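Accompanying notes for the structure given below.
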Amino acid sequence: MMLHRFDPFADFYRSSSRRSLEADVYRVGELFHVEIDAPGVDPEDIDLRLEKNHLTVTIERREVADEARTDIVRGRALGTFTRSFFLGESLDGENVEASFDNGVLTLTIPVAEKAKARKIAISAGDN
94 MMLHRFDPFA
104 DFYRSSSRRS
114 LEADVYRVGE
124 LFHVEIDAPG
134 VDPEDIDLRL
144 EKNHLTVTIE
154 RREVADEART
164 DIVRGRALGT
174 FTRSFFLGES
184 LDGENVEASF
194 DNGVLTLTIP
204 VAEKAKARKI
214 AISAGDN
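Dropping the structure here:
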């Protein structure tokens, strides 16, 4: 019998890309939270897809159309940005929730019931 150390972040991976989204991932109790900054993005330009246990976030930051505007410095990247996460068996991909507030996309992913800690009863032997 082998025991394995539980690493909650082993259930996540990032697909490497030049246009990848940065994210903070943390756990509070039985919930994992993923926060992705998306300032200036309309929630309509955010696409979340879950296929099997593969969660993909795609955000499109569009150029502001204003003929009177003359850009001096352009420091914010425009285009499509993607980040992928693999939700292992210890996470409940069917109950992912998403919210968008003040330019931050927050995904909340519960720990799967079968992965939650549970008490194991000890039976007394007949001696």
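Using the working numbering, the letters of the sequence shown correspond one by one to residues 94 to 220. Glycine included, each C-beta is placed from N, C-alpha and C at the ideal position. Predicted, not measured: the structure shown is a model, and the values here were computed from it.
Does residue 214 pass the burial test, meaning 16 or more other C-beta atoms within 10 Å, or should it be called exposed?
For this step, residue 214 is matched to residue 121 along the sequence shown. Answer is exposed; the Cβ neighbour count stays below 16.
Take every Cβ of the segment 160–170, pair it with every Cβ of the segment 135–147, and state whether three or more of those distances are shorter than 8 angstroms.
no
Alpha-carbon spacing of residue 175 relative to residue 207, whole angstroms
Counting from 1 along the sequence shown, the entry for residue 175 is found at position 82. Counting from 1 along the sequence shown, the entry for residue 207 is found at position 114. The alpha-carbon atoms of residue 175 and residue 207 are separated by roughly 30 angstroms.
Compare the C-alpha of residue 124 against each of 211, 186, 114 and name the closest.
Residue 124 sits at position 31 when you count from the first residue of the sequence shown. For residue 124, the nearest C-alpha among the options comes from 186.
Suppose the cutoff is 7 angstroms on Cβ atoms and the five residues either side in sequence are ignored; what does the same chain contact list for residue 117 look like?
Working through the sequence shown from its first residue, we reach residue 117 at position 24. Excluding positions up to five away in sequence, the list reads 128.
Return the chain-ordered list of same chain residues with a C-beta closer than 6 angstroms to the C-beta of residue 202, the five sequence neighbours on each side being excluded.
Numbered from its first residue, the sequence shown carries residue 202 at position 109. Excluding positions up to five away in sequence, the list reads 125, 184, 189.
Can you tell me whether DSSP reads residue 172 as helix, strand or coil?
Here residue 172 refers to the residue found at position 79 when the sequence shown is read from its first residue. Correct three-state label for residue 172: strand.
Given residue 196, which residues of its chain have a CB within under 8 angstroms of its CB, disregarding the five upstream and five downstream residues?
Mapped onto the sequence shown, residue 196 falls at position 103. Taken in chain order, the residues that qualify are 130, 131, 132, 133, 134.
Where the beta strand (DSSP E) containing residue 131 begins and where it ends
In the sequence shown, counting from the first residue as 1, residue 131 sits at position 38. For residue 131, there is no enclosing beta strand (DSSP E), as DSSP gives it neither H nor E.
Cα-Cα, which of 166, 139, 149 is closest to residue 155?
For the purposes of this step, residue 155 is taken as the residue at position 62 of the sequence shown. By alpha-carbon distance to residue 155, the top candidate from 166, 139, 149 is 139.
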